[in-house]
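Residues 358 to 466, numbered by the working numbering, are exactly what the sequence shown covers, in order. C-beta atoms are modelled at their ideal positions from N, C-alpha and C, and glycine is treated no differently. Treat the numbers as computed from the prediction; the structure is a model and nothing was measured. Following: one structure in structure tokens, then a few remarks.
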Amino acid sequence: MKNNQLYHIEKGTNTVFDKTLEYINNKYNLRFNTISLDYEIKLKESNDWSVLNLNSLLIELTRASIKITPQKLEILIRSDFIKSYNPIKEYFEKLEDWDGNDYIKELTN
Numbered sequence: 358m359k360n361n362q363l364y365h366i367e368k369g370t371n372t373v374f375d376k377t378l379e380y381i382n383n384k385y386n387l388r389f390n391t392i393s394l395d396y397e398i399k400l401k402e403s404n405d406w407s408v409l410n411l412n413s414l415l416i417e418l419t420r421a422s423i424k425i426t427p428q429k430l431e432i433l434i435r436s437d438f439i440k441s442y443n444p445i446k447e448y449f450e451k452l453e454d455w456d457g458n459d460y461i462k463e464l465t466n
């Protein structure tokens with residue numbers, strides 16, 4: 358969830374959304390890619406992100422005895438409870454600070 362408290366509710370509720378979020382957050386990382394406009398999913402212990410298949414997730418949740426409708430699952434996935442991710446912004450934020458050396462000028466000399 359985003360760091361703001363706009364849609365925050367104290368823990369202790371036991372709705373289908375709470376059960377679903379708990380299940381998903383225990384097993385997966387989910388994010389919304391703001392560049393590709395895809396929802397992405399990966400297992401907690403994996404580094405490989407995949408495009409979320411909502412139907413497959415719904416089937417898994419149903420098999421795990423979580424009774425959520427397709428509509429409610431889509432509402433949950435498209436909510437602020439799923440973090441947004443901008444891969445371009447993240448790339449630039451992870452770059453080391455420039456060391457002051459003009460490498461392009463070096464190449465042209």
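- Query: Residues bridged to Ile398 by DSSP?
  - Reply: Leu387, Ser407
- Please report how far the alpha carbon of Tyr396 lies from the alpha carbon of Leu409, in whole angstroms. C-alpha separation (whole angstroms): 5 Å.
- Message: Tell me the residue span of the alpha helix (DSSP H) that contains Ile445.
- Response: 444-451
- Query: Hey, out of Lys462, Glu450, Glu417, whose CA is closest to Leu430's CA?
  - Reply: Glu417
- Assign Ile392 to one of two classes, buried (16 or more other C-beta atoms within 10 Å of its C-beta) or exposed (fewer than that). exposed
- Label Thr372 either buried or exposed according to how many other C-beta atoms from any shown protein chain fall within 10 Å of its C-beta, with 16 as the threshold for buried. exposed
- Query: Rounded C-beta distance between Leu433 and Phe374? I'm assuming under 8 Å.
  - Reply: 6 Å
- Please classify Ser441: does DSSP put it in a helix, a strand, or coil? Looking at Ser441 - three-state DSSP - the assignment turns out to be strand.
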